[in-house]
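Student: If you read the sequence shown in the numbering used here, its first letter stands for residue 10, the second for the next number, and so on. Positions of the beta carbon are idealized from the N, C-alpha and C atoms, including for glycine.
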Amino acid sequence: MRLSSLLLIALLASLAAGCAPASEPTTDDGPPTIQPANWPVTSGGLAIDSDIEARIDALMAQMSVEEMVAQTIQADLTTVTPEDVRTYRLGSILNGGNSDPYGDIRAPAETWLALADSFYEASMDTTGGRLAIPLLWGTDAVHGHNNIVGATVFPHNIGLGAARNAELMEQIGAITAREVRVTGMDWTFAPTLAVVRDDRWGRTYEGYAEHPEVVAAYAPAVVRGLQGELGSDTFLQGEKLIATAKHFMGDGGTLGGVDQGDNLSSEADFRDIHGAGYPPAIEAGVQTVMASFSSWHGTKMHGYEALLNDVLKERMGFNGFVVGDWNGHGQVSDCTTTSCPAALNAGLDMYMAPDSWEELYENTLAQAQSGEIPRARLEDAVRRILRVKFRAGLFEAPRPSERLLGGDLSVLGAPEHLAVARQAVRESLVLLKNANGVLPLQPGQRVLVTGEAADDIGQQSGGWTLTWQGTNTTNADFPNGQSIWGGLQEAITAIGGTAVLSADGSYAQTPDVAVVVFGEEPYAEFIGDREDVDYPLDDGLTLLRTYREAGIPTVAVFLSGRALWMNPELNASEAFVAAFLPGSQGAGVADVLVAGPDGAPRHDFTGTLSYSWPRTAVQTPLNRDDPAYDPLFAYGFGLTYADDGSLAVLSEESGLEAESGGEGVFFAAGETGTRTLETRGEGVTITAVDRDAQEDSRQFTWSGTNPASVVITGEATDYAREANGELGLGIQYRLDALPEGTVTLFVEDAAGTRGTLDLTALLDGAETGTWGTVAFMLRCFPDVDPASLTTVFGLEADAPFTVSISDVRLVPNEGQVLCPTS
């Protein structure tokens, strides 16, 4: 389905909603009242089956309240065991972004499958009179089965939106389902249906487009690919999975693009823009909907009854179940991660409680027994969960390894799957400039390929790739992948050219053309939130300008999860390709950039922008149909080889008044930003020392005369989101003299509560004189309120001790020990 058909579907969806898109407000005039009658009605997707309902009735008649509550709890792989499932009868588990079997991000598929068998068998154990209710295992297979070594990794959604090809989306969904089935999971948390209105958001690349037309057209296609055609014999069976429409809703329209923030749209815009993907997804039979972390006019989605129940379930007729996001229920007013009856009462059916599940289970059970959670609401939630399990045939299915495709390793990264991924790469590329016909690269040319991302499959794949942030990977982790360099080398050599890879950009022989591959480092979720849309690095720019000065034509291949201000790079290059995050098949880039033996293009550019490209670094939000819409490259822009690819010299005034800071950086290069480095007590001194630059670090020396502290402190700041997301306090340090007494790391909140970790045992006998890094998760300090931290770093000693510190900042947990001293 190409653009004309896609637009027709989107137009029909917009008409059904009753209003054209408009701009979101930037101030909150108070919480509006939801009018469910103004929202679209759907068929509800898969109709209620009386036979299944009778089976549910019979099963629920045997279930205790303990077993019912257990069905509403989902635990994470890192905190739950098969024995826990056997004991508590949990309804579901998931593997989050950094959750892998036994902590191994490179665990082979066989290990995943064996673990799936173990969890399944635990859920089906009937000893002691237990009921056999099969477990659901959910996974974030968001651009292929991206947690598994050897799986096909597709472009992220921002690139797929540029392809404008719904049939391709259905193919990608079907391939993803097949590969997930190999490792024994039943359920993927995809597709993301966010309509992204502010590119500062760290999840921009997870959205297909800034306009609802693309999202509304893609939603049913992806759902069909993952779950099968509604009404067919293969729906949810065999090679198919349970899909999730997420995140309901408005996550792409928060004020300032802040992840987990507040959407202040009018109800009409909220429905017609941010809700556009849900009616077609429900019509296609999507079985689960995930609630968003975000709020609408101050009310968190996890506790928004008018939307979860009155709109989604009643008006739209959704009869599957609503699952929460990672401890998202804990953000509901008057809730914690371990107690939140308000979320279930509002229409949430399954809590995603990765590390809070055990205490949450106990509290929810008590609330169900007391009537705080009405029996009818609990039974409705359990019925919905069981309905999906029955529909998916889980009660009849054998253990995962004995199901269709279970353990068939030939399916992972199968050649026909890689071919579709390569096609997706080709169709996702957008050509923004091609002066002097430098592209396509011609037969016989000597081509220098450089840039820090040229030979890095992990960087070209982005976040949500083997790890949550997509970092700490090597090319060896992608046995079925190929870097952009690998693809270019293969294609250039095939037409008689010479390809040279240069890590530092140098060359012994002057090339005919230089291809510079560079871009954003991988990130996920709020780690990627930005204050502007500037590209802050000069890595690619320096190379492009160097080659231009040497008279060497240049091609910029830019990797990013969003449209960014790139005027200096556009000026410095002859050709500029927005490649977004193409995934594991780098040859798809070469398919379009490198000519055939006759010099003609093998494949033309077909991708067009699904996000408007900014004219300045502060031009955001920037969306089609905005008043005074004036992008550098408009939504839908994309050159082909037939077009004049020249571009006038662009202004290099960014519009930024000052360099953006990082609120998660507490101490770097000797500076503390908006916070203060100070001492408490008279027994410690601070001295400037050198690490990488003059006086870029500080040495702290305790005399031992009195207990004393050094602290980084300031105004109370809300770090609840970061604590929930498993961020840690990362410290780069050098031990200069081992402690002779007790050393304590601490943080403090606005109420004066101190959370502490005793580091004495950790430092005992440690190596001195070398720099190292350690990270302590924010949730290692459970006594403090992370929503009001004042002291973000404190170090106290009561005896002689000397340590130098060069950097203190928030860092994502990529496999570090969570609480090293506990």
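#1: Quick check on the DSSP output: what are the complete alpha helix (DSSP H) runs of length 4 or more inside the region 382-415, in order along the chain?
#2: Can you tell me whether DSSP reads I740 as helix, strand or coil?
#3: Does R818 come out as helix, strand or coil in the three-state DSSP assignment?
#4: Which residue's Cα is closest to the Cα of F646: L441, S59 and A183?
#5: Nearest by alpha-carbon distance to F567: which of E687, E371, F585 and L546 is it?
#6: Can you give me the Cβ contacts of T373 inside the same chain, cut-off strictly under 6 Å, excluding the 5 residues immediately before and after it?
#7: By DSSP, does W780 sit in helix, in strand, or in coil?
#8: Based on the DSSP secondary-structure assignment, which residues constitute the bridge partners of Q594?
#9: Considering only DSSP beta bridges, list what M361 is partnered with.
#10: Rounded to whole angstroms, what's the CA-CA distance from S470 to H165? Just pull it up for me.
#11: Applying the 10 Å Cβ sphere with the 16-neighbour rule, what's the burial state of V820?
#12: Quick check: the Cα distance between L736 and E292, rounded to an integer number of angstroms?
#13: Using alpha carbons as the reference points, say which of G266, G100 and T753 lies closest to G803.
#14: At 3 residues or longer, and completely inside the region 307-358: list those beta strand (DSSP E) runs for me, N to C.
#15: Do F487 and S365 count as a contact pair if the criterion is CB distance below 7 Å?
#16: I need the straight-line Cα distance from T507 to V162, nearest angstrom please.
#17: Provide the residue(s) that pair with W146 in DSSP beta bridges, ordered along the chain.
#18: Would you give the residue range spanned by the alpha helix (DSSP H) that I65 belongs to?
#19: L421 and A160: beta carbons closer than 7 Å?
#20: Measuring CA to CA, which of E75, V698, D701 and T42 is closest to Q376?
#21: Which one of A463, Y532, L550 and A533 has the shortest CA to CA distance from S511?
#22: When DSSP labels each residue in this structure, what does V812 get in the three-state scheme?
#23: Quick check: the Cα distance between S101 and V94, rounded to an integer number of angstroms?
#24: Suppose the cutoff is 7 Å on Cβ atoms and the five residues either side in sequence are ignored; what does the same chain contact list for M178 look like?
#25: Which parts of the region 604-692 are runs of the beta strand (DSSP E), unbroken and 3 residues or longer, counting only runs that do not cross its ends?
#26: On the premise that V298 lies in contact with G329, defined as a C-beta separation below 8 Å, what is that separation, rounded to the nearest angstrom?
#27: Check the C-beta distance from V429 over to I61 and give it rounded, since I have them as a contact under 8 Å.
#28: Can you tell me whether S815 is buried or exposed, with buried defined as 16 or more other CB within 10 angstroms of its CB?
#29: Checking 7 Å against the spacing of the C-beta atoms, do L659 and N576 come in under that value?
#30: What are the partner residues of V189, as DSSP defines its beta bridges?
#31: Since V204 and G261 are thought to touch, with beta carbons under 8 Å apart, how far apart are those beta carbons, to the nearest angstrom?
#32: By DSSP, does A759 sit in helix, in strand, or in coil?
#33: How far does the beta strand (DSSP E) with W711 in it extend, from its first residue to its last?
#34: Can you give, in chain order, each stretch of the alpha helix (DSSP H) that sits fully within the region 207-289 and has at least 4 residues?
#35: Less than 6 Å between C-beta atoms, sequence neighbours within five positions excluded: which residues of the same chain meet that for L738?
#36: Cutting at 6 Å between CB atoms, please list the residues of its own chain near T135, excluding the five before and the five after it.
Tutor: In this structure, then:
#1: 384-400
#2: strand
#3: DSSP places R818 in the strand class (E or B) of the three-state scheme.
#4: L441
#5: F585
#6: V78
#7: strand
#8: Among the bridge pairs identified by DSSP, Q594 is matched with Q491.
#9: Q83
#10: Here the alpha carbons of H165 and S470 stand approximately 8 Å from one another.
#11: buried
#12: 38 Å
#13: T753
#14: 330-332
#15: no
#16: Rounded to the nearest angstrom, the two C-alpha atoms are 28 Å apart.
#17: I102
#18: S59 to M69
#19: Yes, the Cβ-Cβ distance between L421 and A160 is below 7 Å.
#20: E75
#21: A463
#22: strand
#23: 9 Å
#24: Result list for M178: L169, Y227, A230, V231 and G234, in chain order.
#25: 674-677 and 685-689
#26: 7 Å
#27: The C-beta distance from V429 to I61 rounds to 34 Å, too long to fall under 8 Å, and the pair is not in contact.
#28: buried
#29: yes
#30: Answer is none; V189 lacks a bridge partner.
#31: 5 Å
#32: coil
#33: S706 to W711
#34: 221-236
#35: F785
#36: A141
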